[in-house]
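Asks: Note that the protein sequences, when read in sequence, are chains A and B.
Mind the numbering: the first sequence is residues 370 to 678 in my numbering, read in order.
Mind the numbering: the second sequence is residues 2 to 381 in my numbering, read in order.
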Amino acid sequence: MARYIFQRVLYMFLTLVLIATFSFFLMKMLPGTPLTMEDKLSETQKEIILEKYGLDDPVPIQYLKYMAGLAQGDLGISFQFDNREVTDIILSRIGPSMQLGAQALLIGTALGMLLGLISAIYHNGFLDYSSTFVAVIGKSIPSFIFAGLLQYYVGLKLGWFPVALWGTWEHTVLPTIALAMFPIAIAARFMRTEMLEVLGSDFIQTARAKGVNKFGVVFKHGVRNALIPLVTVMGPLAISLMTGTLVIEKIFAVPGIGEQFVISITTNDFPIIMGTTLFFSFFFVFIILVIDLLYGIIDPRIRLAEGEK
Amino acid sequence: MDNSKPSKDLFVPVDLKDSESERLTRPSLSFWQDSFNRLRKNFGAMAGIVVLLILILMAIFGPYMNKFDPYSQNLDHSFIPPKVPVLENIGWLGLDGVETAIIEGETVESAMTTVKLRMGPENAEFVETRVISEGGNGEPAKIEAKLDIYKAKNIETSYWFGTDSLGRDLWTRTWHGTRISLYIAFLAATIDMVIGVIYGGVSAYYGGRVDNYMQRVIEILVGIPNLVVVILMILIMDPGILSITIALTITGWISMARIIRGQVLKLKNQEFVLASQTLGAPDNRILKKHLIPNVTGLIVINTMFTIPSAIFFEAFLSFIGLGLPTPTASLGTLIDDGFNSLQTNPHVLIYPAIIISLIMVAFNVVADGLRDAFDPKMRE
Numbered sequence: 370m371a372r373y374i375f376q377r378v379l380y381m382f383l384t385l386v387l388i389a390t391f392s393f394f395l396m397k398m399l400p401g402t403p404l405t406m407e408d409k410l411s412e413t414q415k416e417i418i419l420e421k422y423g424l425d426d427p428v429p430i431q432y433l434k435y436m437a438g439l440a441q442g443d444l445g446i447s448f449q450f451d452n453r454e455v456t457d458i459i460l461s462r463i464g465p466s467m468q469l470g471a472q473a474l475l476i477g478t479a480l481g482m483l484l485g486l487i488s489a490i491y492h493n494g495f496l497d498y499s500s501t502f503v504a505v506i507g508k509s510i511p512s513f514i515f516a517g518l519l520q521y522y523v524g525l526k527l528g529w530f531p532v533a534l535w536g537t538w539e540h541t542v543l544p545t546i547a548l549a550m551f552p553i554a555i556a557a558r559f560m561r562t563e564m565l566e567v568l569g570s571d572f573i574q575t576a577r578a579k580g581v582n583k584f585g586v587v588f589k590h591g592v593r594n595a596l597i598p599l600v601t602v603m604g605p606l607a608i609s610l611m612t613g614t615l616v617i618e619k620i621f622a623v624p625g626i627g628e629q630f631v632i633s634i635t636t637n638d639f640p641i642i643m644g645t646t647l648f649f650s651f652f653f654v655f656i657i658l659v660i661d662l663l664y665g666i667i668d669p670r671i672r673l674a675e676g677e678k
Numbered sequence: 002m003d004n005s006k007p008s009k010d011l012f013v014p015v016d017l018k019d020s021e022s023e024r025l026t027r028p029s030l031s032f033w034q035d036s037f038n039r040l041r042k043n044f045g046a047m048a049g050i051v052v053l054l055i056l057i058l059m060a061i062f063g064p065y066m067n068k069f070d071p072y073s074q075n076l077d078h079s080f081i082p083p084k085v086p087v088l089e090n091i092g093w094l095g096l097d098g099v100e101t102a103i104i105e106g107e108t109v110e111s112a113m114t115t116v117k118l119r120m121g122p123e124n125a126e127f128v129e130t131r132v133i134s135e136g137g138n139g140e141p142a143k144i145e146a147k148l149d150i151y152k153a154k155n156i157e158t159s160y161w162f163g164t165d166s167l168g169r170d171l172w173t174r175t176w177h178g179t180r181i182s183l184y185i186a187f188l189a190a191t192i193d194m195v196i197g198v199i200y201g202g203v204s205a206y207y208g209g210r211v212d213n214y215m216q217r218v219i220e221i222l223v224g225i226p227n228l229v230v231v232i233l234m235i236l237i238m239d240p241g242i243l244s245i246t247i248a249l250t251i252t253g254w255i256s257m258a259r260i261i262r263g264q265v266l267k268l269k270n271q272e273f274v275l276a277s278q279t280l281g282a283p284d285n286r287i288l289k290k291h292l293i294p295n296v297t298g299l300i301v302i303n304t305m306f307t308i309p310s311a312i313f314f315e316a317f318l319s320f321i322g323l324g325l326p327t328p329t330a331s332l333g334t335l336i337d338d339g340f341n342s343l344q345t346n347p348h349v350l351i352y353p354a355i356i357i358s359l360i361m362v363a364f365n366v367v368a369d370g371l372r373d374a375f376d377p378k379m380r381e
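The structure is reproduced here in C-alpha cells:
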C-alpha cells in the first residue's frame, strides 16, 4: 500500500510540474505587459518595472525562477494590485470559496441521498417520478441559471435573502442553493440505483423474512450498504463544484477565488491567472489522488491489481 | 366437493406438435428496430426529441420570422419589454409590453419622484400609478407603477421577446444565438467523436506497446483539469466560434476514446472476430465491418451526452468573459448580458435562460432514453 501511495503522489507531482510548465509558456505567448501607459515611460522606468516583475531575464531563466518560486509557494507579484503577492491574494480569498463549496457539497449530497432513498422505496410510484424529475432538472440546467432565478425571485422579489455580497450566513444561502442543485441531482440518481440494487439482494429478503420492520430494513440494512459507493462520486462532485464557484461567485459578488479569477481574466493580470490556474490544478489532482486512495481502501481488489504490476 | 383433491380427469394433455413449437410467434427484429421500439415507449425521451426538433427548427427559421436582424441597433428602443399580439391578453404571462414596478419610498411623494426617475420623465403622462400602502409608522410607502412603453414611444410593431440595452430585437438574437450555440456544440461533438473513436479503436485493436503508449498519453491528459485547459486555450487564441470549438475538443475526446477502447477490447476477443480473421479479413475490414458497427450505440449515447456539456461550456466561457466577441450572439453571451440588467429588465435574461435549459434537459433526457434503449442492462 505504501508503495502504491508513493507512486500515486509521484504521478501527482509530475502532472503538476507539467501543468505549470505548460501554462507558463502559454502565458509567455500572450500579448500584454504590466506596463499600462507604455508611451509615457522612459527607458529606465520600463527597465525598473520589468525587473520588479522578473520580466527582464530571458524566458528560460524566467521559467527556472518561476519554478523555484513555485516550489516555495511563491507565485509572483500581481500586475493589478501593487506589490501584492499572488499567494497572499489567493490565501485571503480561499475562505468564502471553501465555505460555499463545502456547504453545497454536504447539503447537496444529503438532500440528494434523501431524494434517492425516497425514489427507491417508492419505486415507480409518483414520488419516484417526481424526484427523478428533480434530478434530471438539477443535472441538466446550468448552475448560473438557477443563480439568476434565485437572485431575481427569492432575493429581489421576495426579499428573503440578500441578493449579493458576503458577510453573515444569510449571504451564503442563495449561492449555496444554486451550487447544490448539481450534487443533489447526482447524489439522488446514484442513491436510487444503489438502493434499488441493495433492496433487491438476498440479505434484504432474509431481513424481511426475519420480521424486521420496513424502517429497519431500509435504514439498518439498506442505506449502510448503499453508502459506500457514494463516497466515490463525492470527488468528481467536488471538482464540478470548482467550475460552479467561478460563475456563482461572480453572480453573487462573493469575494472568493473564482471571482478573483474572472476579474483577472478581464484585467489581463497574468500572475494571478497563472496562480489560480495552478491552485485549481493542485486541488483537482489532489482530489483525484484522494479518490484513488479511497477506492483502494474501499475495494481491496484495485489495490491487489496495482500491486501485481 | 373437496377442492384439495381435484379429480384427474380435469387435466387433459396438450398435444404439442414439433412443427408448431419451432414456429416463431413474432417476426425477428434487428438490433435497431428493437432499440427503436424501446425508445418509442419512453415518454420522456420522445418528448425530449420533439422539443429538440422544435428548437432546432426555430434556430434555423426563427431569426427570419420578423423584420428585425440580430445586429441592428435602435438606441431609442432600448429595454422594451416583450409583447406578443394574442398572448398579451393573458395577464400572468407578462407579454403585454407593460413595464410594472413596485417602488418604495419614505413617503408617497418621495416614492412618486422615484417612479418618475425610474420610468423616465418624458413618459410621465403614460405612467399609471396605484398607491398600495401609504406608509408611516416606520413602514415605507409602496406604489405600483405601470408604463405601457409601446404607447408612450408610439411603437407600432411588437418585440416578441423585448429588446436589449442597445435596442436590438431579442427574438432574432435569441434564435440566432441558439443557432450558434448548437453549431458549436455539434461541431465539437463531431470532432470529439471522430478523434475519440479513431484513438480508442486503434489503441485497443492493435494493443500491446501501441496501446501502452497511447494510454499513458491519455493518463497525463486526464490529470489536467479541462476547465484550466479550455481557459488557457481561449486566452491564447482570440475568442471566436472556431477557437471555442477547438478549446472544447482538446480534452473532450478523451472520454469517448476510453469508452471505445474498453468496448473494442471486449469485442476483439470474441469468436466472430476470430472467425473473420481466420477467413483472412484484413484489419481494415474487421474494424469497419465488425467492430465499429458494434460500438455505434455507445458512440451515439456518448455524443448525446457531449453536446449538452459543450453547450454548457460555451455559455460558461461567455459568462467569465472569454466567450464570443460582441456583437455575436450566443446563448452564453445573451445570458451574460441578461445578468447585467437583471434587476430592472429581467426579460433580457429569461428567454435565453429558458431556451438553454430546455436544450440541456432535452438532450440529457434523450441521451438517457437512448442508453436505456440500446442497452437495457445499463439502465439505472
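Just so it is clear, CB atoms sit at the ideal spot from N, CA and C, and this is done for glycine as well.
Quick check on B/I61: buried or exposed, where buried means 16 or more other Cβ atoms within 10 Å of its Cβ?
Replies: Numbered from 1 along the second sequence, position 60 holds the residue referred to as residue 61 of chain B. By the neighbour-count rule (16 or more Cβ atoms within 10 Å), B/I61 is not buried but exposed.
Asks: Do you know how far the Cα of A/V616 is from the Cα of B/I235?
Replies: Translated into the one-based positions of the second sequence, residue 235 of chain B becomes position 234. Translated into the one-based positions of the first sequence, residue 616 of chain A becomes position 247. One C-alpha to the other measures close to 17 angstroms.
Asks: Just the chain A side, please: which residues come within less than 8 angstroms of B/G168 by C-beta, in chain order?
Replies: The residue given as residue 168 of chain B occupies position 167 in the second sequence. Here the premise fails: no neighbours, minimum Cβ distance about 22 angstroms.
Asks: In angstroms, rounded to a whole number, what distance separates the CA positions of B/L299 and B/M194?
Replies: Walking along the second sequence from the start, residue 299 of chain B turns up at place 298. Walking along the second sequence from the start, residue 194 of chain B turns up at place 193. Each residue's alpha carbon lies about 11 angstroms from the other.
Asks: Which chain A residues sit within Cβ distance under 9 angstroms of B/L40?
Replies: Taking the second sequence and counting its residues from 1, one reaches residue 40 of chain B at position 39. Within chain A, no residue comes near B/L40; the closest Cβ sits about 17 angstroms away, beyond 9 angstroms.
Asks: On the CB-based measure, 16 or more other CB atoms within 10 Å of its CB, does A/N493 come out buried or exposed?
Replies: Counting from one through the first sequence, the residue named residue 493 of chain A turns up at place 124. Flag for A/N493 reads exposed.
Asks: Name the one or two DSSP bridge partners that B/E129 has.
Replies: As a first step, residue 129 of chain B must be located in the second sequence, where it is residue number 128. BP columns for B/E129 point to B/K147.
Asks: With a Cβ-Cβ cutoff of 8 angstroms, do B/A248 and B/V231 count as a contact?
Replies: Here residue 248 of chain B corresponds to residue number 247 of the second sequence, with the count starting at 1. Here residue 231 of chain B corresponds to residue number 230 of the second sequence, with the count starting at 1. Here B/A248 is near B/V231, since their CB atoms are less than 8 angstroms apart.
Asks: Let me know the secondary structure DSSP gives A/A371 once reduced to three states.
Replies: As a working mapping, residue 371 of chain A is identified with position 2 in the first sequence. DSSP places A/A371 in helix when its eight states are reduced to three.
Asks: Mind checking B/N213: buried by the 16 CB within 10 Å criterion, or exposed?
Replies: Within the second sequence, residue 213 of chain B is the residue found at index 212, counting from 1. Exposed, since its Cβ has fewer than 16 Cβ neighbours within 10 Å.
Asks: Would you mind working out which of B/P309, B/M238, B/L228 sits nearest A/T612, comparing C-alpha positions?
Replies: Taking the first residue of the first sequence as position 1, residue 612 of chain A is located at position 243. Of B/P309, B/M238, B/L228, the residue nearest in Cα terms is B/L228.
Asks: Around the Cβ of A/Q414, are there at least 16 other Cβ atoms within 10 angstroms (buried) or fewer (exposed)?
Replies: Within the first sequence, residue 414 of chain A is the residue found at index 45, counting from 1. Burial state of A/Q414 is exposed, judged by a 10 Å Cβ sphere holding fewer than 16 other Cβ atoms.
Asks: Measure from the alpha carbon of A/V567 to the alpha carbon of each residue in A/V581, A/L474, A/A595, then state which is nearest.
Replies: By one-based count along the first sequence, residue 567 of chain A stands at place 198. If we check each option's Cα against that of A/V567, A/A595 comes out closest.
Asks: A/F649 versus chain B: which residues are under 8 angstroms apart at the beta carbon?
Replies: Counted from its first residue, the first sequence places residue 649 of chain A at position 280. The contacting residues are P226, L228, V229.
Asks: Quick one: which residues of the segment 315 to 345 of chain B get their C-beta closer than 8 angstroms to a C-beta of chain A? List them in chain order.
Replies: A316, F317, F320, I321, G322, L323, I336, G339, F340, L343, Q344
Asks: Provide the residue(s) that pair with B/V229 in DSSP beta bridges, ordered along the chain.
Replies: Taking the first residue of the second sequence as position 1, residue 229 of chain B is located at position 228. Bridge partners of B/V229: none, in fact.
Asks: What does a CB cutoff of less than 6 angstroms around B/L147 pick up in its chain, not counting 5 residues either side in sequence?
Replies: Position 146 of the second sequence, counting from 1, holds the residue named residue 147 of chain B. The question names Leu, but residue 147 of chain B in the sequence shown is Lys. So the qualifying residues of the chain are V99, T101, E129.
Asks: Using beta-carbon positions only, say whether A/T614 and A/G485 come within less than 8 angstroms of one another.
Replies: Working through the first sequence from its first residue, we reach residue 614 of chain A at position 245. Working through the first sequence from its first residue, we reach residue 485 of chain A at position 116. No. Outside cutoff.
Asks: Judging by CA-CA distance, which residue of B/P240, B/Y160, B/T115 is the nearest neighbour of B/T327?
Replies: The residue you call residue 327 of chain B lines up with position 326 of the second sequence. Nearest in C-alpha terms to B/T327, of all of B/P240, B/Y160, B/T115, is B/P240.
Asks: Give me, in chain order, the residues of the same chain whose beta-carbon lies closer than 8 angstroms to that of A/K619; leave out the 5 immediate sequence neighbours on both sides.
Replies: Along the first sequence, one-based indexing puts residue 619 of chain A at 250. Excluding residues within five positions, the ones whose Cβ falls inside 8 angstroms are G627, E628, V631.
Asks: Just reading off the alpha helix (DSSP H) that A/E618 is part of, what are its end residues?
Replies: Mapped onto the first sequence, residue 618 of chain A falls at position 249. Where A/E618 is concerned, the enclosing alpha helix (DSSP H) stretches over 593 to 620.
Asks: In the DSSP output, what is B/T101 paired with across the bridge?
Replies: On the second sequence, position 100 is the one that residue 101 of chain B refers to. Looking at the DSSP assignment, B/T101 forms a beta bridge with B/K147.
Asks: Comparing C-alpha positions only, which one of B/P226, B/L268, B/Q278 sits nearest to A/F655?
Replies: Start at 1 with the first residue of the first sequence, and residue 655 of chain A comes out as number 286. Of B/P226, B/L268, B/Q278, the residue nearest in Cα terms is B/P226.
Asks: Does the Cβ-Cβ distance between A/G481 and A/A557 come in under 8 angstroms?
Replies: Numbered from its first residue, the first sequence carries residue 481 of chain A at position 112. Numbered from its first residue, the first sequence carries residue 557 of chain A at position 188. Yes.
Asks: Taking Cβ positions, are B/P309 and B/W176 nearer each other than 8 angstroms?
Replies: Along the second sequence, read from residue 1 onward, the residue named residue 309 of chain B stands at position 308. Along the second sequence, read from residue 1 onward, the residue named residue 176 of chain B stands at position 175. Cβ atoms of B/P309 and B/W176: not closer than 8 angstroms.
Asks: Based on DSSP bridge pairs, tell me the residues matched to A/E454.
Replies: Position 85 of the first sequence, counted from the first residue, corresponds to residue 454 of chain A. Residue pairing for A/E454: DSSP places it in a beta bridge opposite A/I446.
Asks: Taking Cβ positions, are A/T646 and A/S392 nearer each other than 8 angstroms?
Replies: To locate residue 646 of chain A, count along the first sequence from 1; it is residue 277. To locate residue 392 of chain A, count along the first sequence from 1; it is residue 23. The answer is yes: Cβ separation under 8 angstroms.
Asks: By Cβ distance below 7 angstroms, which residues in the same chain neighbour B/A368 in space, the five residues on each side in sequence not counted?
Replies: Numbered from its first residue, the second sequence carries residue 368 of chain B at position 367. Cβ within range, chain order: I302, M305, F306.
Asks: Expressed to the nearest angstrom, what Euclidean distance is found between the alpha-carbon atoms of B/A374 and B/A48?
Replies: Indexing the second sequence from 1 puts residue 374 of chain B at position 373. Indexing the second sequence from 1 puts residue 48 of chain B at position 47. Taking the straight line joining both Cα atoms gives about 15 angstroms.
Asks: For B/T164, which beta-bridge partners are listed by DSSP?
Replies: Taking the second sequence and counting its residues from 1, the one referred to as residue 164 of chain B is at position 163. Its beta-bridge partners are B/D170.
Asks: Pull out every residue of the segment 251 to 276 of chain B whose Cβ sits closer than 8 angstroms to any Cβ of chain A, in chain order.
Replies: So the list is empty, because no residue satisfies the distance condition.
Asks: Does the segment 198 to 205 of chain B come close enough to the segment 106 to 115 of chain B to have 3 or more Cβ pairs within less than 8 angstroms?
Replies: no
Asks: Look at the alpha carbon of A/K678 and the alpha carbon of A/R377, and state the distance between them as a whole number of angstroms.
Replies: Here residue 678 of chain A refers to the residue found at position 309 when the first sequence is read from its first residue. Here residue 377 of chain A refers to the residue found at position 8 when the first sequence is read from its first residue. In this prediction, A/K678 has a pLDDT of 37, which is less than 50 and means its spatial position is unreliable; nothing more can be read from the coordinates.
Asks: Excluding the 5 residues flanking B/M59 on each side, which residues of the same chain have their C-beta closer than 8 angstroms to its C-beta?
Replies: Residue mapping note: residue 59 of chain B aligns to position 58 of the second sequence, counting from 1. Only W176, T179 meet the Cβ criterion.
Asks: Any residues in the segment 301 to 315 of chain B with a beta carbon nearer than 8 angstroms to a beta carbon of chain A? Which ones, in chain order?
Replies: P309, F313
Asks: In chain B, which residues lie with their C-beta within 7 angstroms of the C-beta of A/Q520?
Replies: Within the first sequence, numbered from 1, the residue matching residue 520 of chain A stands at position 151. What A/Q520 touches in chain B: L343.
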